[in-house]
Amino acid sequence: MDAVIYLDLAHIHPVVGRIWHRTDVAAVPEPGQSVTMLCGLIAFAAFERYDQRSANGPLRQCPYCDLIYRQSLGWVVPPGNSAPRRR
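For reference, each letter of the sequence shown is one residue, going 13 to 99 in my numbering.
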């Protein structure tokens, strides 16, 4: 019998250099597979246990990924977002 572990693709937040990003993937990436973030950054997938997430200090959110994500949903972008607005 298998132990099925469900992952929500909408909540995959790749971390690159202590900055977490958003991505739009059709499936869970395989280790070593390239992943493109909403901001355009490309990195290779690697996996660690969740309790290792903050081992090197707190993470920050990518302001560009946040801006693109909020705009795609028609949400208000908070005034503190440092990403330049597209006109």
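Every residue, glycine too, gets a C-beta built ideally from N, C-alpha and C.
Quick caveat, the model's predicted, so the values are computed rather than measured.
Span separating the alpha-carbon of Gly86 from that of Met13:
Taking the sequence shown and counting its residues from 1, one reaches residue 86 at position 74. Taking the sequence shown and counting its residues from 1, one reaches residue 13 at position 1. If you take the alpha carbons of Gly86 and Met13, they lie about 43 Å apart.
Where DSSP assigns a beta bridge to Phe56, which residues make up the other side?
The residue you call residue 56 lines up with position 44 of the sequence shown. Residue pairing by DSSP places Phe56 opposite Ser46 in a beta bridge.
By DSSP's criteria, Gln73 is part of a beta bridge. Which residues make up the other side?
Residue mapping note: residue 73 aligns to position 61 of the sequence shown, counting from 1. The partner list for Gln73 (beta bridge, DSSP) reads Trp32.
What does a CB cutoff of less than 6 Å around Val28 pick up in its chain, not counting 5 residues either side in sequence?
Stepping through the sequence shown from its first residue, residue 28 is reached at position 16. Once the five neighbours on either side are set aside, the close Cβ partners of Val28 are Ala55.
What's the C-alpha gap between Ala38 and Gly69?
One-based indexing of the sequence shown puts residue 38 at position 26. One-based indexing of the sequence shown puts residue 69 at position 57. CA-CA distance, Ala38 to Gly69, rounds to 30 Å.
Can you tell me whether Tyr81 is buried or exposed, with buried defined as 16 or more other CB within 10 angstroms of its CB?
By one-based count along the sequence shown, residue 81 stands at place 69. Counting Cβ neighbours within 10 Å, Tyr81 comes out buried, since at least 16 surround it.
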